[in-house]
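A short write-up of the structure that comes next.
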Ligand SMILES: [Ca+2]
Ligand SMILES: [Ca+2]
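In my numbering, the protein residues as written are 115 to 406.
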């Protein structure tokens, strides 16, 4: 009778919003991963506390489920990321745990705390998740979980690494990243910043109005005057920026001992010539950028 009147009666996992759906017609399980994760943990803790309950008395397909495990599950191994277009990724991992309630995928955007964006059953080894459009700084992690705790995979895919960023930036127009437009040395928007610099400075390589520049300044420290450049970068981006200095614009000396990092902040890098202006009044500086 219930099955005849309720289309989700035989669903393995069920979650309803009783405020808006008192008839339980619309199974939200899968749409509310954080809720499913929380409720499964609470349920496991609850039934794990009933003494003498005869678990697995039915021919349950679950061989892994244990409501009262002795420890948190083993972490998922070998977490891998595969793009499904520029705004979705498939995560795959090895199911190394034998007492997990399931897996969760969490994301952290722009350095914010991780939030659950997908939940999968025990024994699973993949999930496809959407990415927030236009947000470049996204870190993903996969954890096995049970009532005792969560254990995150060591490898946390980072969408801001150079190749992931390049794919998300140019994948719509050049999915194989082989055309001139998507090359690191190219200036796709003609704003005189090569794409590798747009990446380092956190500007948009496809928008000529999105640009930034390195500025120079002379700073006294009481004894000497120092010539330095301020590079407005984002430290999360995996590039190495070196200062270089010249007295004739022909010969350049790059990095130490000719230049030194004076300040290494999250949003800027200050590189200083190690020769005081008092000693060498005529100096030129700029910076080079390369992947580490
Ligand atoms: Ca450019
Ligand atoms: Ca630009």
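Note that beta-carbon positions come from the ideal geometry of N, C-alpha and C, so glycine has one too.
- With a contact defined as Cβ atoms closer than 8 Å, residue 127 and residue 143 qualify at about 4 Å.
- By the CB criterion at 9 Å, residue 325 and residue 306 fall inside the cutoff.
- Under the three-state reduction of DSSP, residue 355 is assigned to strand.
- In the displayed model, residue 366 falls within coil according to three-state DSSP, outside both helix and strand.
- Of all C-beta pairs linking the stretch 269-282 to the stretch 195-215, three or more are shorter than 8 Å, placing the two stretches in contact.
- Rounded to whole angstroms, residue 263 and residue 309 show a C-alpha spacing of 43 Å.
- Within the model, the alpha-carbon separation for residue 118 versus residue 129 is close to 19 Å.
- DSSP places residue 294 within a helical segment (H, G or I) once states are collapsed to three.
- Shown here for residue 366: same chain residues with a beta carbon closer than 6 Å to its own, the five before and five after excluded, namely 358, 360 in chain order.
- DSSP places residue 223 inside the beta strand (DSSP E), whose first and last residues are 216-223.
- Secondary structure note for residue 143: it is in no alpha helix (DSSP H), with a DSSP letter that is neither H nor E.
- For residue 304, the CB contacts under 6 Å within the same chain, skipping 5 residues up- and downstream, are 322 in chain order.
- Between residue 270 and the set 288, 328, 251, 287, the nearest pair of CA atoms involves 251.
- Judged by their CB atoms, residue 274 and residue 382 are not nearer to each other than the 9 Å cut-off.
- Distance between residue 404 and residue 389, taken at the CA atoms: about 24 Å.
- In terms of CA proximity to residue 155, 187 leads the group 187, 372, 133.
- By the neighbour-count definition (other C-beta atoms within 10 Å, threshold 16), residue 392 is an exposed residue.
- For the pair residue 190 and residue 253, the CB atoms are not nearer than the 9 Å cut-off.
- Residue 341 sits buried, since 16 or more C-beta atoms from the chains shown fall within 10 Å of its C-beta.
- Per DSSP, the beta-bridge partners of residue 339 are 334.
- A direct Cα-Cα distance of roughly 20 Å separates residue 120 from residue 146.
- With 6 Å as the limit between CB and the heavy atoms of ligand 2, the residues that fall short of it are 303, 305, 307, 312, 317, 318, 319, 321, 322, 324, 325.
- Closer than 8 Å to some heavy atom of ligand 1: that does not describe the Cβ of residue 288.
- When the Cα atoms are used, residue 249 and residue 385 turn out to be separated by approximately 29 Å.
- For the pair residue 139 and residue 133, the Cα-to-Cα distance works out to about 12 Å.
- For the 9 Å CB-CB criterion, residue 206 and residue 239 form a contact.
- Residue 183 holds the alpha-carbon nearest to the alpha-carbon of residue 161 among 183, 149, 148, 141.
- In this structure, residue 356 sits near residue 402, with a CB-CB distance shorter than 9 Å.
- Taken from the Cβ of residue 309, at least one heavy atom of ligand 1 lies inside 8 Å.
- Taken atom to atom, the span from the alpha-carbon of residue 400 to that of residue 320 is near 24 Å.
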